[in-house]
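Sequential numbering from 21 applies to the sequence shown in our numbering. Just so it is clear, CB atoms sit at the ideal spot from N, CA and C, and this is done for glycine as well. Comments concern the structure below.
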Amino acid sequence: NGRPMAFGSLEDMRGSIDLVVFPDAFEKIRDRFVVDEMVVLQGRFSGRNGRTSVQVEQILGIDQAREALADTVNVRLTGEVIRMERLEALKNLCMRFPGDCQLRLHLDVGGDHPTVVVSRRMEVAPSEMLMDEIANLAQGHVRAWASREAGRARRAARRVEVVPELDADGLPDE
């Protein structure tokens, strides 16, 4: 219909996928196409014309994406840096960045898997400044990242097999 749209490709070490931005979306996000700028693309997979592609609907800058999409801030501390004074410093730091994200501490005290502690009282903002200050707490022995745990929980819930409750006779309770 003569309206502008965009085509492109996204490539990594394993391959590439075609990108398409249809006119309605293109009008909304055209100013976010910046050369050599790292961005997060949101869209839907499409199997049109026998080729898999992504229909891009939104473009977010890295910092904007973290703030818009994250629901959890994760902090990994290794055994040698887990001390009460450091945990207190982390608490005080996190209190300076209130927000809507759950705070999870991954305490790597040995063994196969870290112990995960979820704060029930404190929610934080996943800002770059918070991430940088957390990393500075122990000169690289602390790692922080933002994630979207709600999506993982929904996917895991879809995989759970629902088993009907059994009554005293061992028959499904209806």
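Pull up the CB-CB distance for residue i and residue j, whole angstroms please, since I reckon it's below 8 Å.
i: T135; j: L127; result: 5 Å
i: R168; j: A90; result: 6 Å
i: L113; j: E153; result: 6 Å
i: A145; j: C121; result: 7 Å
i: S66; j: L39; result: In fact, because the Cβ distance is near 10 Å, the residues do not count as touching under 8 Å.
i: L195; j: V60; result: Given that the chain is displayed from residue 21 to residue 194, the structure contains no residue 195 and the question cannot be resolved.
i: Q75; j: I49; result: Not really, about 12 Å apart at Cβ, beyond 8 Å.
i: G119; j: E148; result: Incorrect: roughly 13 Å between the Cβ atoms, too far for contact.
For the beta strand (DSSP E) containing residue i, name the first residue and the last one.
i: F65; result: V59 to S66
i: A155; result: That residue, A155, is in no beta strand (DSSP E); its alpha helix (DSSP H) goes E148 to N156.
Label residue i either buried or exposed according to how many other C-beta atoms from any shown protein chain fall within 10 Å of its C-beta, with 16 as the threshold for buried.
i: R86; result: buried
i: V41; result: buried
i: E31; result: exposed
i: I82; result: exposed
i: F117; result: buried
i: S29; result: exposed
i: A88; result: exposed
i: A177; result: Caution is warranted here: a pLDDT of 48 is assigned to A177, below 50, making its placement in the model unreliable, and the coordinate value is therefore given only provisionally. With fewer than 16 Cβ atoms within 10 Å of its Cβ, A177 is classed as exposed.
i: S36; result: exposed
i: T92; result: buried
i: P24; result: exposed
i: V138; result: exposed
i: V95; result: buried
i: M33; result: exposed
Can you name the residues that DSSP bridges to residue i?
i: E31; result: S36
i: R141; result: Note: R141 sits in no beta bridge, so no partner.
i: Q122; result: T92 and E143
i: A164; result: V95
i: D128; result: T98
i: A26; result: V41
Could you spell out where the alpha helix (DSSP H) holding residue i opens and where it closes?
i: I79; result: Counting along the chain, I79 falls outside any alpha helix (DSSP H), though it belongs to the beta strand (DSSP E) covering S73 to G81.
i: A109; result: M104 to M115
i: F46; result: P43 to I49
**Q.** the segment 161-168 contacting the segment 93-106, beta-carbon criterion three pairs below 8 Å
**A.** yes
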